[in-house]
Amino acid sequence: GEDVEQSLFLSVREGDSSVINCTYTDSSSTYLYWYKQEPGAGLQLLTYIFSNMDMKQDQRLTVLLNKKDKHLSLRIADTQTGDSAIYFCAEPLPGGGNKLTFGTGTQLKVEL
Amino acid sequence: DVKVTQSSRYLVKRTGEKVFLECVQDMDHENMFWYRQDPGLGLRLIYFSYDVKMKEKGDIPEGYSVSREKKERFSLILESASTNQTSMYLCASMGFVSFTGQYFGPGTRLTVT
Numbered sequence: 068g069e070d071v072e073q074s075l076f077l078s079v080r081e082g083d084s085s086v087i088n089c090t091y092t093d094s095s096s097t098y099l100y101w102y103k104q105e106p107g108a109g110l111q112l113l114t115y116i117f118s119n120m121d122m123k124q125d126q127r128l129t130v131l132l133n134k135k136d137k138h139l140s141l142r143i144a145d146t147q148t149g150d151s152a153i154y155f156c157a158e159p160l161p162g163g164g165n166k167l168t169f170g171t172g173t174q175l176k177v178e179l
Numbered sequence: 146d147v148k149v150t151q152s153s154r155y156l157v158k159r160t161g162e163k164v165f166l167e168c169v170q171d172m173d174h175e176n177m178f179w180y181r182q183d184p185g186l187g188l189r190l191i192y193f194s195y196d197v198k199m200k201e202k203g204d205i206p207e208g209y210s211v212s213r214e215k216k217e218r219f220s221l222i223l224e225s226a227s228t229n230q231t232s233m234y235l236c237a238s239m240g241f242v243s244f245t246g247q248y249f250g251p252g253t254r255l256t257v258t
């Protein structure tokens, strides 16, 4: 079956913007998620977006949703060293109720 | 704040041993999940429980079983551990309100030698 796809690595300089991309599989997904995993920790929900929205902004985070291309992105403005982590996008499984399918994760490295 | 705790952060077991990983959540969530996380593969669902004593297989249930005798506790059992089960194991819980997402525990890094 299809997978939720993300690039594996992204490196940015402190203060720059980071853009993490995701291609999801189900055009009927009602909401999509971004999770953050810091080293040695579990996943933490960063934000979510409903499928009837194109954009959601939350402080330094901007989520863009392109339903036609099934493309989701997470932009982090003014990236800080504390943003270094793995970022996962996730979507509900079709007909799967509360089960989620996760992308492979993007390792964000913030350099000084 | 939802809290999901896992019994161990690090565990080292020998091949063939029976291994129990426990997960407890304090938010009265109906749904609980066990995942394993491997580099480059993301999270893969092992088992899912939507109520006490109810369980459903995920994508990779082979070699694992689960138990949910109480709502707050979901256990993952490796009947006979093998080296290919060396991984990070993550537990999660989720209530009825789906857009709040799943809440994760800190993970258990299991090494099978």
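Those protein sequences? They're chains A and B, same order as listed.
Each step along the first sequence adds one to the number in the working numbering, with nothing skipped, and position 65 is 132.
Each step along the second sequence adds one to the number in the working numbering, with nothing skipped, and position 28 is 173.
Beta carbons are placed, not taken as given, at the ideal position from N, Cα and C, and that holds for glycine.
Fair warning: this is a prediction, and the values are worked out from it, not measured in the lab.
For the segment 193-233 of chain B, there is no continuous alpha helix (DSSP H) assignment of 4+ residues that stays within its boundaries.
Taking 8 Å as the CB threshold, T171/A lines the interface with chain B.
In the DSSP annotation of this structure, the continuous segment of the beta strand (DSSP E) that includes V79/A starts and ends at F76 to R80. DSSP, reduced to helix, strand and coil, places G149/A within a helical segment of the structure shown. Within the segment 95-146 of chain A, no alpha helix (DSSP H) run of at least 4 residues lies entirely inside it.
Between M172/B and chain A, the shortest Cβ-Cβ separation is not below 8 Å. Residue state for T245/B is assigned as helix, using DSSP reduced to three classes. Taking the Cα positions, L167/A is about 24 Å away from L77/A. Counting along the chain, R181/B sits inside the beta strand (DSSP E) bounded by residues N176 to D183. Here K103/A is not near S118/A, since their CB atoms are 8 Å or more apart. Judged by beta-carbon spacing, G246/B lies within the 8 Å limit of Y115/A, meaning their Cβ atoms are closer than that value. Counting C-beta atoms within 10 angstroms of its own C-beta, T171/A has 16 or more neighbours from the protein chains shown and is therefore classed as buried. When E81/A, T97/A and V79/A are compared, the shortest CA-CA separation from F244/B is found for T97/A. One thing to note: I191/B has its Cβ within 8 Å of the Cβ of P206/B. The Cβ-Cβ distance between S220/B and L166/B falls below 8 Å.
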